[in-house]
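Worksheet: the structure to be examined is printed underneath.
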Amino acid sequence: GVFKYVLEPTTLRVKHVLFDGTNVLSEQQVLEAAHITDTDTIRSVKPEEVRARVMKLPYIRECSVTRSFPSTIIIRIVERIPVAALMVNNHVYEIDREGTVLREVPPLAPPNGPLVTNLPDLGALTPGQQVKNGTLQKALELWDAFSSDPLAKEFTLSEISAQADSMLYMYFNELPYETRWGRSDFATQVRRFNMLWREKGGKLPCIEYLDMRFDNDIVCK
Numbered sequence: 310g311v312f313k314y315v316l317e318p319t320t321l322r323v324k325h326v327l328f329d330g331t332n333v334l335s336e337q338q339v340l341e342a343a344h345i346t347d348t349d350t351i352r353s354v355k356p357e358e359v360r361a362r363v364m365k366l367p368y369i370r371e372c373s374v375t376r377s378f379p380s381t382i383i384i385r386i387v388e389r390i391p392v393a394a395l396m397v398n399n400h401v402y403e404i405d406r407e408g409t410v411l412r413e414v415p416p417l418a419p420p421n422g423p424l425v426t427n428l429p430d431l432g433a434l435t436p437g438q439q440v441k442n443g444t445l446q447k448a449l450e451l452w453d454a455f456s457s458d459p460l461a462k463e464f465t466l467s468e469i470s471a472q473a474d475s476m477l478y479m480y481f482n483e484l485p486y487e488t489r490w491g492r493s494d495f496a497t498q499v500r501r502f503n504m505l506w507r508e509k510g511g512k513l514p515c516i517e518y519l520d521m522r523f524d525n526d527i528v529c530k
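All letters in the sequence shown, in the order written, are residues 310 to 530 by this note's numbering.
Listed below in structure tokens is the structure:
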């Protein structure tokens, strides 16, 4: 009886595929990438081959595949989290903290995280590509510092223009002028901005820009 059970293909067909960790991606998307069907048997499914196929999805950071006899495949994934969006040639792309391009954002759809524009030396992007750009990392560090400050709740960021490490310009819907950041120690710059904003009750006489880049010398034009 045992000998017949092992040799009979239909008795070991895959009947269940279980998923763990799907949040952004749907289970159907992961299943299609895994390419497991009801014609596969538990023995014909090679976990490393399935993992390699699933890892091609841009949103997948980690993946493990295990077989549970007699008829179940378990796929566990860790997804990449979108933290910002890049505008390149009028196209918007979501990226994670490591600069991995996750998807192109459909027109008129709101992206996740701040919109970063004007990055130097950046051409067309494709999902799965990793953007290695020092100025981009500086822009994300600036956003981390600003968004962790209580003052961030009072502003709506529309754009971070990142032309160079020392030329990071933030635009807020509530302000008629741009704010300029850069060089180093973004947390200190944000604290100075907070203190100035509270001291002046939000009534700063700036028309063109507020420049925070020169240590204790704050420039308002």
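Just so it is clear, CB atoms sit at the ideal spot from N, CA and C, and this is done for glycine as well.
| Which word fits VAL339, buried or exposed, when buried means at least 16 other C-beta atoms lie within 10 angstroms of its C-beta? | Within the sequence shown, the letter at position 30 stands for residue 339. Classification of VAL339: buried, given that the 10 Å Cβ count is 16 or more.
| field | Beta-carbon spacing of GLN472, ASN442 below 9 Å | value | Your numbering for residue 472 matches position 163 in the sequence shown. Your numbering for residue 442 matches position 133 in the sequence shown. No, they are not a contact pair.
| request: Go ahead and pull the three-state DSSP assignment for LEU477. | output: Within the sequence shown, residue 477 is the residue found at index 168, counting from 1. In this structure, LEU477 counts as strand in the three-state DSSP scheme.
| query | Nearest CA to the CA of LEU466: which residue from ASP474, THR375 and PRO485? | reply | Residue 466 sits at position 157 when you count from the first residue of the sequence shown. LEU466 has its Cα closest to that of PRO485, out of ASP474, THR375 and PRO485.
| field | Contact set for TRP490: own chain, Cβ-Cβ below 7 Å, skip 5 residues either direction | value | Here residue 490 corresponds to residue number 181 of the sequence shown, with the count starting at 1. Cβ within range, chain order: LEU451, LEU477, MET479, GLN498, MET521 and ARG522.
| request: Using the Cα positions of GLY437 and ASP329, report the straight-line distance between them to the nearest angstrom. | output: Counting from 1 along the sequence shown, the entry for residue 437 is found at position 128. Counting from 1 along the sequence shown, the entry for residue 329 is found at position 20. Each residue's alpha carbon lies about 22 Å from the other.
| task | Give every residue of the same chain whose Cβ lies closer than 7 Å to the Cβ of ARG352, excluding the five residues on either side of it in the sequence, and list them in chain order. | result | Here residue 352 is taken as the residue at index 43 of the sequence shown, counted from 1. The answer, listed in chain order, is LEU321.
| message | Considering only their Cβ atoms, is the gap separating VAL440 from VAL381 smaller than 9 Å? | response | In the sequence shown, the residue the question calls residue 381 occupies position 72. In the sequence shown, the residue the question calls residue 440 occupies position 131. Going by the sequence as given, residue 381 is Thr instead of Val. Cβ distance not < 9 Å, so THR381 and VAL440 don't count as in contact.
| said: Could you check whether PRO367 and THR409 sit closer than 9 Å to each other, using their CB atoms as the reference points? | reply: Against the sequence shown, residue 409 aligns to sequence position 100. Against the sequence shown, residue 367 aligns to sequence position 58. Yes. Within cutoff.
| Delimiting residues of the alpha helix (DSSP H) encompassing ASP453 | One-based indexing of the sequence shown puts residue 453 at position 144. Note, ASP453: alpha helix (DSSP H), 443-456.
| field | Opposing strand residues paired with ALA418 [DSSP bridges] | value | Locating residue 418 in the sequence shown gives position 109, counting from the first residue. Note: ALA418 sits in no beta bridge, so no partner.
| task | May I have the straight-line CA-CA distance separating MET364 from VAL397, to the nearest angstrom? | result | By 1-based counting over the sequence shown, the position of residue 364 is 55. By 1-based counting over the sequence shown, the position of residue 397 is 88. Cα-Cα distance, rounded: 26 Å.
| C-alpha distance - TYR314 paired with ILE345, whole-angstrom precision | By one-based count along the sequence shown, residue 314 stands at place 5. By one-based count along the sequence shown, residue 345 stands at place 36. Model confidence at TYR314 stands at a pLDDT of 47, short of 50, so the residue's coordinates are unreliable and nothing is read from them.
| request: Go ahead and pull the three-state DSSP assignment for LYS530. | output: Within the sequence shown, numbered from 1, the residue matching residue 530 stands at position 221. It is coil, neither helix nor strand.
| task | For the beta strand (DSSP E) holding MET521, just list the boundary residues, first then last. | result | For the purposes of this step, residue 521 is identified with residue 212 of the sequence shown, where counting begins at 1. First-last of the beta strand (DSSP E) with MET521: 518-523.
| Whole alpha helix (DSSP H) runs in the stretch 311-371 with 4 or more residues, listed along the chain? | 311-316, 336-343 and 356-363
| query | Would ILE386 be called buried (16 or more neighbouring beta carbons within 10 Å of its own) or exposed? | reply | Residue mapping note: residue 386 aligns to position 77 of the sequence shown, counting from 1. By the neighbour-count rule (16 or more Cβ atoms within 10 Å), ILE386 is buried.
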